[in-house]
Amino acid sequence: MTERLGLAPSTRIMLSIAAAIVVLAGMHAAEGIIGPMALAAVIVIIVMPVRAPLVRRGWPSWLATTMVIVVAYLILAVLLAMLVFAGVRFGNLVADYFDDLVASLNSVADSLIALGLPDDIVSRVTEFFDPTFLFSVAGTVSGVLTTALTAFFFVLAYAIFMSADAAQYGTARSAFGATRSAVIDRATAYNTGVRKYFVVNATFGLIVAVVDGFALWALGVPAPVVWAILAFVTNFIPNIGFILGLVPPMIMALVVGGWPLALAVVALYCVVNVVLQVLVQPKFVADSVSLSLTLSFVSVVFWTFIIGPLGAILAIPLTLLFRTLFLEPDPGSAWLRWLSGDYEARDPRPDGEGDGDDPVLPAPDEPDPEREGEQDLALPTSDYDAEPAPAKDPA
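Read in order, the letters of the sequence shown are residues 1 to 395 in UniProt numbering.
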């Protein structure tokens with residue numbers, strides 16, 4: 001009899017958690033490198049389909065690779081231009097309306113105190129009207145801008161190396177056949193999911209930005225283009241992007257037009273953004289990436305803590321990457337994939353055989369017709385505890 005040696009399930013879980021904490025702590029310490037690298041990788045994944053049609057049309061490989069790099073840099077250039085314009089204009093707005101912001105802050109505080117609200121609630125609400133808070137928001141935009149600038153160098157190197165190896169990667173399926181087809185399928189599905197996710201968000205973000213921008217311009221809110229850009233960028237942040245895009249224009253409307261204009265802005269965002277971002281868009285996002293709404297929200301908070309503000313935009317791709325690497329290769333984790341939102345995940349093994357967690361009990365023996373009518377005997381607990389059955393009394 002061979003004795004099976006191994007760690008208890010609880011021990012394995014604790015070791016896995018400890019290892020995950022160490023890895024995540026290292027990622028947090030290197031957020032200045034990992035954030036831009038992840039952004040570069042996502043952009044390259046988005047633009048890589050540009051190369052294949054060009055090669056099929058007879059373009060030289062080096063020229064098709066150059067086009068991939070050009071398209072990637074165009075995306076980053078547009079992103080940087082929007083962030084530079086919005087950041088500079090936003091900082092100027094806060095400086096120009098500083099006195100009005102302070103007066104609005106005091107007015108809001110007095111109104112809340114008159115309603116009898118506790119001081120801690122009043123202080124938390126008025127924090128959003130504090131000019132220093134708005135300056136910190138502008139600083140966050142500048143931080144994202146710096147990250148995007150750093151990503152330029154990563155995109156250049158990553159696109160060159162990845163495009164140079166694209167021909168070899170294209171022959172991976174024929175070279176390895178069925179032995180690695182599952183890995184190739186998972187990588188292809190991940191790339192497709194990331195592209196669909198950003199296409200959906202960019203489409204809805206553009207619609208929301210245009211509608212919000214024109215509506216704010218019609219209402220007379222200062223700098224409607226800035227708030228339109230903010231609405232477009234925050235559309236890539238699942239669940240809470242709507243709140244982040246609403247607060248600054250609402251505050252500016254309160255400063256220049258009082259409560260009626262501020263409430264009109266809130267109503268506008270509730271009609272446009274809630275319908276599109278909260279009710280319609282999550283359905284398309286869930287279909288493209290197969291992530292539950294709860295996991296999408298948690299991933300935003302988690303990745304923002306790990307790699308900074310850029311983690312809010314890259315939360316979905318990073319979560320998909322971890323699921324692809326750690327859950328999809330293991331058939332026993334199909335139920336975890338199902339919980340994460342992949343409702344097509346199924347355990348390929350019958351009755352969960354081989355999980356190692358839940359014991360599979362053997363089916364009871366079929367009754368033997370030849371032994372019907374015999375006295376049932378109690379089964380011994382072991383071979384050593386077995387005793388012979390007592391003989392029947394001849395009387």
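Glycine residues also receive a C-beta, built at the ideal position from the N, C-alpha and C atoms.
Sequence-distant residues of the same chain with beta carbon closer than 6 Å to residue i, five excluded per side
i      : result
Thr319 : Ser299
Asp100 : Val255
Arg173 : Ile184
Exposed unless 16 or more other CB atoms sit within 10 angstroms - verdict on residue i
i      : result
Val194 : buried
Asp212 : buried
Thr188 : exposed
Leu93  : buried
Trp227 : buried
Leu7   : exposed
Pro49  : exposed
Val47  : buried
Asp229 : The sequence given here has Ile at residue 229, not Asp. The residue is buried, with at least 16 neighbouring Cβ atoms inside 10 Å.
Glu344 : exposed
Ser340 : buried
Val200 : buried
Leu361 : With a pLDDT of 43 at Leu361, under the threshold of 50, the modelled position of that residue is not reliable, and the figure given next carries that caveat. With fewer than 16 other Cβ atoms within 10 Å, it is exposed.
Arg346 : exposed
Tyr190 : buried
Leu325 : exposed
Val23  : exposed
Arg323 : buried
Gly116 : exposed
Same chain only: Cβ atoms within 7 Å of residue i, ignoring 5 sequence neighbours per side
i      : result
Ile21  : none
Ile316 : Tyr197, Pro238, Val289, Leu291, Ser296, Ser299
Leu15  : none
Val55  : Ser61, Ala64
Closest Cα partner of residue i within the set the options
i      : options                        : result
Leu293 : Asp342, Val265, Gly245         : Asp342
Thr234 : Val71, Ala72, Ser104, Gly205   : Gly205
Ile240 : Glu344, Val274, Phe154, Asp100 : Val274
Ala267 : Lys283, Gln281, Leu279, Met250 : Met250
Ile160 : Ala19, Ile121, Val55, Thr65    : Thr65
Val78  : Ala202, Leu279, Leu246, Cys270 : Ala202
Ile207 : Trp338, Phe232, Phe236         : Phe232
Phe154 : Val42, Tyr190, Ala19, Thr192   : Val42
Leu310 : Pro118, His28, Ala81           : His28
Tyr73  : Tyr158, Leu216, Phe176         : Tyr158
Leu321 : Asp110, Trp59, Arg337          : Arg337
Val122 : Tyr169, Ala109, Ala114         : Ala109
Pro248 : Leu216, Lys283, Trp59, Phe236  : Leu216
Residues near residue i by beta carbon distance below 8 Å, same chain, minus five either side
i      : result
Thr11  : none
Leu246 : Val265, Val266, Tyr269, Asn273
Original post:
Is the segment 31-46 in contact with the segment 301-315, if contact means three or more CB pairs nearer than 8 Å?
Top reply: yes
Subject >> Validate contact between the segment 253-263 and the segment 215-222 using beta carbons, cut 8 Å, 3 pairs >> reply: yes
Original post:
For the segment 101-113 against the segment 62-70, are there 3 or more C-beta pairs whose distance is under 8 Å?
Top reply: no
Subject >> Complete alpha helix (DSSP H) runs within the segment 263-345 (minimum length 4 residues, chain order) >> reply: 281-289, 293-307, 310-313, 315-322, 334-340
**OP:** Jot down the residue ranges of each uninterrupted alpha helix (DSSP H) in the segment 172-218, minimum 4 residues, whole runs only, in chain order.
**Re:** 172-176
Original post:
Which ranges does the alpha helix (DSSP H) cover as unbroken runs of at least 4 residues, wholly within the segment 66-134, from first to last along the chain?
Top reply: 98-114, 119-126
Subject >> 4 or more residues per run - each alpha helix (DSSP H) lying fully within the segment 19-46 >> reply: none
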